[in-house]
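For the sequence shown, full-length UniProt numbering assigns the number 1 to the initial residue and increments by one for each residue that follows.
For every residue, glycine included, the Cβ atom is placed at its ideal position computed from N, Cα and C.
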Amino acid sequence: MSTAAKKGPRTGTNKSAKGSIVCAAPGTDAKRTAASSPFTPATLLEVPPEYKQQLRQAFDKFDDSGKGFIPAHEVVVALYALGYDVGSAELQQLLQEVGAAGAESIDFNDFYNVLVLKMSKKESKTESVRAFKQMDRDDKGYIGLEDLRSMSDSLHMNLTDDELSEMIQFARSVGYHTPAQGQSEFDARDMLAVSETEYLRLMKRANVY
Numbered sequence: 001m002s003t004a005a006k007k008g009p010r011t012g013t014n015k016s017a018k019g020s021i022v023c024a025a026p027g028t029d030a031k032r033t034a035a036s037s038p039f040t041p042a043t044l045l046e047v048p049p050e051y052k053q054q055l056r057q058a059f060d061k062f063d064d065s066g067k068g069f070i071p072a073h074e075v076v077v078a079l080y081a082l083g084y085d086v087g088s089a090e091l092q093q094l095l096q097e098v099g100a101a102g103a104e105s106i107d108f109n110d111f112y113n114v115l116v117l118k119m120s121k122k123e124s125k126t127e128s129v130r131a132f133k134q135m136d137r138d139d140k141g142y143i144g145l146e147d148l149r150s151m152s153d154s155l156h157m158n159l160t161d162d163e164l165s166e167m168i169q170f171a172r173s174v175g176y177h178t179p180a181q182g183q184s185e186f187d188a189r190d191m192l193a194v195s196e197t198e199y200l201r202l203m204k205r206a207n208v209y
């Protein structure tokens, strides 16, 4: 896995450059302030407990050193597995909005906040379908391990198949799994794929459209 300079642990509430308080992930002592946060408590409370647990597991997969930080650019892989094709500029904007502008490494609070923030932004169903088609480059009807590996390689990330598989498992668990198009119920390949139907269900559950 690629290495990055580590920043010191964050304590208390996270603050952006504008002084706004950013909601911290569950399990922290940071206070939530509805008026000044880019999120609202209601939005965070809509996140199911199993979703939060999957986010924690996904973060821990990237944090192979166990230090509590991961390279900031690796959040792109998690977003990609969720169906978001996020470029460098948009990632930096998301990091800025959660108070982590310019950070080379992020902790779990930042990771959690970036994903929740992105999933809270409204998009049309047409845009969601278009995003899926862009990721499903061979028009297979599902996003598979090879799609994630191609994306990872294009961004010069040194991610293992286990790490990429974890992202797919996360997307499947959040979106309620259905067999990918053209696959039987017992196809082993089905364990490493997110179907278009499942992807759109995930987007709708996240209030993307």
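Here the alpha carbons of residue 148 and residue 77 stand approximately 7 angstroms from one another.
Within a 10 Å sphere around the beta-carbon of residue 49 sit fewer than 16 other beta-carbons, which makes this residue exposed.
In this model, residue 111 and residue 75 are separated by some 7 angstroms (Cα to Cα). Closest by C-alpha distance to residue 55, out of 91, 115, 151 and 87, is 115.
In chain order, 151 place their CB closer than 6 angstroms to the CB of residue 80, counting only its own chain and leaving out the 5 sequence neighbours on each side. Judged by DSSP secondary structure, residue 84 falls outside any alpha helix (DSSP H); it is assigned neither H nor E.
Between residue 105 and residue 72, the gap from beta carbon to beta carbon is short of 8 angstroms. For the options 52, 138, 117 and 69, the alpha carbon positioned closest to that of residue 86 is the one of 117. For the pair residue 153 and residue 143, the CB atoms are not nearer than the 8 angstroms cut-off.
Looking at the DSSP output, residue 71 shares a beta bridge with 105. Under a 10 Å Cβ-count criterion, residue 121 is classified as exposed, with fewer than 16 other Cβ atoms of the shown protein chains found around its own Cβ. Straight-line measurement puts the Cα of residue 139 at about 39 angstroms from the Cα of residue 67.
Here residue 113 is buried: its Cβ has 16 or more other Cβ atoms, across all protein chains shown, within 10 Å. Between the beta-carbon of residue 163 and that of residue 61 there is about 5 angstroms, and that keeps the pair under the 8 angstroms contact cut. Closest by C-alpha distance to residue 156, out of 64, 65, 94 and 88, is 88. Residue environment analysis places residue 161 among the exposed positions, since fewer than 16 neighbouring C-beta atoms fall within 10 angstroms of its C-beta.
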